[in-house]
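Asks:
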Amino acid sequence: MKIEKFIAELEDYKNILINHNLYKKINSINDLKLFMEGHVYAVWDFMSLVKKLQQNLTCTNVPWIPSKTPLAARLINDIVLCEETDQFNNGKYMSHFEMYLLSMIEIGASTKEITDFTNKLEKNINLDDCILKSQIPNFAKDFMIHTFDIIKSNKNHVIAAAFTFGREDLIPDIFIEMVKSINKKENIKCNNLIYYLDRHIEVDSEEHGPMALKMINELCGDNEKKWSEALNASISSLKQRINLWNAIEKSIK
Numbered sequence: 002m003k004i005e006k007f008i009a010e011l012e013d014y015k016n017i018l019i020n021h022n023l024y025k026k027i028n029s030i031n032d033l034k035l036f037m038e039g040h041v042y043a044v045w046d047f048m049s050l051v052k053k054l055q056q057n058l059t060c061t062n063v064p065w066i067p068s069k070t071p072l073a074a075r076l077i078n079d080i081v082l083c084e085e086t087d088q089f090n091n092g093k094y095m096s097h098f099e100m101y102l103l104s105m106i107e108i109g110a111s112t113k114e115i116t117d118f119t120n121k122l123e124k125n126i127n128l129d130d131c132i133l134k135s136q137i138p139n140f141a142k143d144f145m146i147h148t149f150d151i152i153k154s155n156k157n158h159v160i161a162a163a164f165t166f167g168r169e170d171l172i173p174d175i176f177i178e179m180v181k182s183i184n185k186k187e188n189i190k191c192n193n194l195i196y197y198l199d200r201h202i203e204v205d206s207e208e209h210g211p212m213a214l215k216m217i218n219e220l221c222g223d224n225e226k227k228w229s230e231a232l233n234a235s236i237s238s239l240k241q242r243i244n245l246w247n248a249i250e251k252s253i254k
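Residues in the sequence shown are numbered consecutively from 2, following our numbering.
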């Protein structure tokens with residue numbers, strides 16, 4: 002399957018997200034708090050997609066052996082470098098997830114639930130238990146369960162498809178809409194979040210997005226079954242994002 006045909010199959014789902022009514026619903030700081038408190042789980046579980054690809058496509062063991070997919074290994078290492086240790090507007094290096102938490106704190110959004118969740122994971126409490134027994138909103142639980150189902154497939158082309166078309170290829174377009182919406186509201190001041198969004202628009206559209214497309218091409222090659230599985234994973238990931246956006250929109254009165 003040609004990558005162009007693959008992308009065309011996803012166009013309708015992408016357009017739903019790009020034109021989603023959620024962006025127009027964010028009219029105050031309280032609205033933005035509700036958005037971020039729901040969206041933060043997608044920011045967090047994104048890194049597990051990235052790290053699973055790094056584990057599978059590069060060698061993280063000792064003794065080291067060369068990767069069987071050197072282009073994909075190079076691409077995912079470049080992406081991890083930025084996503085896990087980027088430079089924030091305060092000059093410090095941190096993950097994009099940590100940038101997002103600082104952006105939440107700046108506007109007074111609650112980070113308690115997400116912090117409690119990650120603290121439990123640090124104590125090696127089972128992931129499924131952490132998700133199911135937490136006070137996390139059900140829509141966020143559903144989103145994360147889908148992400149980790151993709152990861153548990155352990156199929157590189159499936160994980161890469163969810164990463165590429167459910168995240169990297171999509172994020173610049175939807176974040177541009179968010180920045181446009183927020184910038185129109187004089188009563189919303191959120192410098193950290195705007196930096197975070199602008200940074201994602203920059204690196205995902207100019208660097209990570211094109212890198213990820215090359216990775217998909219290498220991993221699927223001429224195998225039609227892999228392309229089909231990758232397409233299904235991409236569609237299900239976009240549907241999950243639509244469900245997430247719908248639920249967050251409903252939470253904003």
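Glycine included, C-beta positions come from ideal geometry on N, C-alpha and C.
1. Which residue or residues does DSSP assign as beta-bridge partners of MET95?
2. How would you label GLY109, buried or exposed, when you count the other beta carbons within 10 angstroms and need 16 or more for buried?
3. Have a look at GLU85 and LEU194 and give me their C-alpha separation to the nearest angstrom.
4. Over what stretch of residues does the alpha helix (DSSP H) that includes GLU38 continue unbroken?
5. Please classify ILE189: does DSSP put it in a helix, a strand, or coil?
6. Are the Cβ atoms of PHE164 and ILE137 separated by less than 9 Å?
7. Taking SER96 as the reference, give the member of ALA213, SER104, CYS83 and LEU54 with the closest Cα.
8. Under 8 Å, with one C-beta from each stretch per pair, do the segment 86-105 and the segment 7-27 reach the 3-pair mark?
9. What are the start and end residues of the alpha helix (DSSP H) that includes THR147?
10. Going by alpha carbons, who is nearest to ASP32 out of SER235, ILE66 and SER182?
11. By DSSP, does GLN136 sit in helix, in strand, or in coil?
12. Would GLU38 be called buried (16 or more neighbouring beta carbons within 10 Å of its own) or exposed?
13. Between the alpha carbons of LEU171 and LYS121, how many angstroms are there, rounded?
14. Three or more C-beta pairs under 8 Å: does that hold for the segment 132-146 against the segment 238-252?
15. If contact is defined by three or more beta carbon pairs under 8 Å, each pair taking one atom from either stretch, is the segment 212-228 in contact with the segment 149-162?
16. For ILE66, which of helix, strand or coil comes out of DSSP?
17. Suppose you measure from the CA of HIS40 to the CA of ILE249; what does that come to, to the nearest Å?
18. Count the other CB atoms within 10 Å of the CB of SER29; is the residue buried (16 or more) or exposed (fewer)?
Replies: Straight from the coordinates:
1. ASP87
2. exposed
3. 17 Å
4. 30-58
5. coil
6. no
7. CYS83
8. no
9. Per the sequence presented here, residue 147 reads as His, with Thr not at that position. Residues 139-153.
10. SER182
11. coil
12. buried
13. 30 Å
14. yes
15. yes
16. coil
17. 8 Å
18. exposed
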